[in-house]
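2 protein chains.
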Amino acid sequence: MTKAADAGRRERKSDKTRRRILDAAADLLNRKGFDGTRLSEIATLAELRVPAIYYYFDSREAILEEVVNIGDRLAHENVTRRLAELSPAASALDRICTAFAAHLEMVLMESAYTAAAMRTMGQLPADMRARQLERQRASGRMWRELIQAGVEAGEIDPGLDPRAARMFLLGAVNWASEWWNPERGSLKEILATAQRLIRNALAGPLLASRPATTAPPAAALSPVFTPPAI
Amino acid sequence: MTKAADAGRRERKSDKTRRRILDAAADLLNRKGFDGTRLSEIATLAELRVPAIYYYFDSREAILEEVVNIGDRLAHENVTRRLAELSPAASALDRICTAFAAHLEMVLMESAYTAAAMRTMGQLPADMRARQLERQRASGRMWRELIQAGVEAGEIDPGLDPRAARMFLLGAVNWASEWWNPERGSLKEILATAQRLIRNALAGPLLASRPATTAPPAAALSPVFTPPAI
DNA sequence: GTCTATAGTTTGATAGAC
DNA sequence: GTCTATCAAACTATAGAC
Numbered sequence: 001m002t003k004a005a006d007a008g009r010r011e012r013k014s015d016k017t018r019r020r021i022l023d024a025a026a027d028l029l030n031r032k033g034f035d036g037t038r039l040s041e042i043a044t045l046a047e048l049r050v051p052a053i054y055y056y057f058d059s060r061e062a063i064l065e066e067v068v069n070i071g072d073r074l075a076h077e078n079v080t081r082r083l084a085e086l087s088p089a090a091s092a093l094d095r096i097c098t099a100f101a102a103h104l105e106m107v108l109m110e111s112a113y114t115a116a117a118m119r120t121m122g123q124l125p126a127d128m129r130a131r132q133l134e135r136q137r138a139s140g141r142m143w144r145e146l147i148q149a150g151v152e153a154g155e156i157d158p159g160l161d162p163r164a165a166r167m168f169l170l171g172a173v174n175w176a177s178e179w180w181n182p183e184r185g186s187l188k189e190i191l192a193t194a195q196r197l198i199r200n201a202l203a204g205p206l207l208a209s210r211p212a213t214t215a216p217p218a219a220a221l222s223p224v225f226t227p228p229a230i
Numbered sequence: 001m002t003k004a005a006d007a008g009r010r011e012r013k014s015d016k017t018r019r020r021i022l023d024a025a026a027d028l029l030n031r032k033g034f035d036g037t038r039l040s041e042i043a044t045l046a047e048l049r050v051p052a053i054y055y056y057f058d059s060r061e062a063i064l065e066e067v068v069n070i071g072d073r074l075a076h077e078n079v080t081r082r083l084a085e086l087s088p089a090a091s092a093l094d095r096i097c098t099a100f101a102a103h104l105e106m107v108l109m110e111s112a113y114t115a116a117a118m119r120t121m122g123q124l125p126a127d128m129r130a131r132q133l134e135r136q137r138a139s140g141r142m143w144r145e146l147i148q149a150g151v152e153a154g155e156i157d158p159g160l161d162p163r164a165a166r167m168f169l170l171g172a173v174n175w176a177s178e179w180w181n182p183e184r185g186s187l188k189e190i191l192a193t194a195q196r197l198i199r200n201a202l203a204g205p206l207l208a209s210r211p212a213t214t215a216p217p218a219a220a221l222s223p224v225f226t227p228p229a230i
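Protein chains in written order, with full-length UniProt numbering: chain A, 1 to 230; chain B, 1 to 230.
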């Protein structure tokens, strides 16, 4: 087996170390914020010394930018994947709930990359933040179009401002990593609650005339999550 | 007029300077997080030099702890005040919506203290965090009881986990300072959207049988907010 | 009350041995 | 690839003049 053929299924030692550094940085970004994430702590968590980090990354900021970049991409990929898995018969509201649940799934999952990307947005240095905004343009458009489709289909409470509703709900899911503890309830349970809450919130009084969905979106999230390769 | 009698209505110069330092720290806590809030930047924003800060505070952490302390207190006071203003005829759901709106009001208002307290919770050093949790015990109980009352009154969708619903919605309002811009819509508008979203979310299918509230909670928030004295 | 000057740490980053 | 040793810069905090 050639090295190239091998690359897909087994990481080289070098890649593993690089990955350990990124994992450590993602974890610290969540707990301490952008400025609180120190190289010395990254090194300790990754089980090596500070200078060894510079073999893999040019600077502290380069590590943190890669974490944020990966986190944004994982979220976007998971949302589009879950949407693609959805039955074509799914309603606009089904699609919206599925998208939020897929986003929440990444925020809460094992790799803290997405949570780190969301939680530290406002703390990034100006140049990093500008590049992140540029990368997030597709995601932003996707979210706006999802909600807009619901409005046009008459599935969303017309008493809501679409932009504010979207941002409030994204805030709800982005903040979840702050309080959710897998020991107090499974991922499946929290995703089900989130979807129910979001469906209620957006449909409002319209919910009565649209009692049950053909395919409960919670089911669309089974089987158990498989983390996408980074 | 004695100094003591004067204290209530007009701040002494010393108090004003102290206040400027706290304002600067609250602002920076929101933008840069706990570790990113530097004494040098606080001093610049407060328009004095770093050593002058030590005339008012024992340490950097003492400033930040006071900001967080004030922020928590302002939120709790505003919520209890808005609830007290509410008609005794208000439903459990009215009370819940009013409470969330009052909390959101503080997160978005001029003084960034509450937003700072909420956003940096997870970044506080262990001892500060422990003291904050101790102070927040009353608020925590209040929120749990508010939701519980709604459940017992049969006004909340039984398909929701009360704790998760509470935390999701608190996250939604705590995160709002990240994206809300007063230039894109008034405070009143955003509070109205938030209340509608929260009412929808919690009532869900029950909303149909409980079409309109006697007194719209948005009205309960007028007249215009007056910031409580710090 | 506020300042200049400065001490003592800690940080991000580099040099160079192995 | 990873280390020890080290540097320049930035940080919190203090001393002491005014």
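Here a beta-carbon is modelled for each residue, glycine too, at the ideal position from N, C-alpha and C. Note that the structure is predicted; figures quoted are calculated from it, not measured.
Per the C-alpha coordinates, the member of GLY154/B, GLY140/B, ARG10/B and ARG18/B positioned closest to LEU206/B is GLY154/B. Taking C-beta atoms under 8 angstroms as the contact rule, GLY171/B and TRP143/A fail to qualify, at a distance of about 17 angstroms. Counting only residues of its own chain and dropping the five nearest sequence neighbours on each side, ARG18/B has a CB closer than 7 angstroms to the CB of TYR56. SER139/A sits in a helix when the DSSP states are folded into three classes.
PHE100/B: member of the alpha helix (DSSP H) spanning 92-108, first to last residue.
In the assembly as shown, SER177/B is a buried residue. Its beta-carbon has 16 or more other beta-carbons within 10 Å.
Contact of LEU197/A with chain B is assigned, a C-beta pair being separated by under 8 angstroms.
Per DSSP, the unbroken alpha helix (DSSP H) holding THR114/A starts and ends at 113-119. When CB distances to chain A are screened at a threshold of 8 angstroms, the residues of the segment 171-182 of chain B falling below it are GLY171, ALA172, VAL173, ASN174, TRP175, ALA176, GLU178, TRP179 and TRP180, in chain order. Put simply, the CB of PRO205/B is near chain A, with a gap under 8 angstroms to one of its CB atoms. Residue burial annotation: ASN78/B is buried, with at least 16 other C-beta atoms found within 10 angstroms of its C-beta. Per the C-alpha coordinates, the member of ARG49/A, ARG199/A and ALA115/A positioned closest to LEU74/A is ALA115/A.
Considering only beta carbons, the part of the UniProt domain "HTH tetR-type" (15-75) of chain A lying closer than 7 angstroms to chain B consists of ARG31, LYS32, GLY33, PHE34, ASP35 and GLY36, in chain order. Looking at the backbone, the Cα of ALA26/A and that of ALA117/B are separated by about 23 angstroms. Taking 8 angstroms as the cut-off, the Cβ atoms of ARG119/A and ASN30/A count as close.
In this structure, the straight-line span from the alpha carbon of ALA102/B to that of LYS13/A is close to 53 angstroms.
Interface criterion met: the Cβ of GLY159/B is under 8 angstroms from a Cβ in chain A.
The alpha-carbon of GLU11/A is positioned some 12 angstroms away from that of ARG20/A. Around LEU202/A, the same chain offers ILE156 as residues with beta carbons nearer than 6 angstroms, after the five sequence neighbours per side are excluded.
Ranked by Cα distance from ALA24/B, the options ARG38/B, ALA46/B, LEU124/B and SER40/B are led by ALA46/B. Counting along the chain, ASN30/A sits inside the alpha helix (DSSP H) bounded by residues 13-36. Taken through DSSP and simplified to helix, strand or coil, ARG49/B comes out as coil. Apart from sequence neighbours up to five positions away, the residues of its chain that approach ARG49/B with a beta-carbon distance below 7 angstroms are ALA43, ordered along the chain. From the listed residues GLY36/A, GLU66/A, ASP15/A and PRO51/A, the smallest Cα separation to ARG135/A is found for GLU66/A.
If you draw a straight line from the Cα of GLY36/B to the Cα of SER111/B, it comes to about 19 angstroms. Contact note: ALA112/A does not reach chain B at a C-beta cutoff of 7 angstroms; the least C-beta distance is about 12 angstroms. For GLY122/A, the C-beta contacts it makes with chain B under 7 angstroms involve ARG31 and GLU178, in order along the chain. Taken through DSSP and simplified to helix, strand or coil, ASP157/B comes out as coil.
ASP72/B counts as buried, since at least 16 other C-beta atoms from the protein chains shown sit within 10 angstroms of its C-beta.
Taking CB atoms only, LEU169/B has a neighbour in chain A less than 8 angstroms away. Contact check for ARG82/B and THR98/B: beta-carbon distance about 5 angstroms, within the 8 angstroms limit, so the pair qualifies. Inter-residue distance for ALA149/A and SER91/A is about 10 angstroms (C-alpha atoms, whole angstroms). Taken atom to atom, the span from the alpha-carbon of PRO182/A to that of ALA192/A is near 14 angstroms. Not a single CB atom of chain B sits nearer than 8 angstroms to the CB of ILE96/A.
Taking the Cβ atoms as the reference, LEU86/B lies roughly 6 angstroms from ARG95/B, within the contact range of under 8 angstroms.
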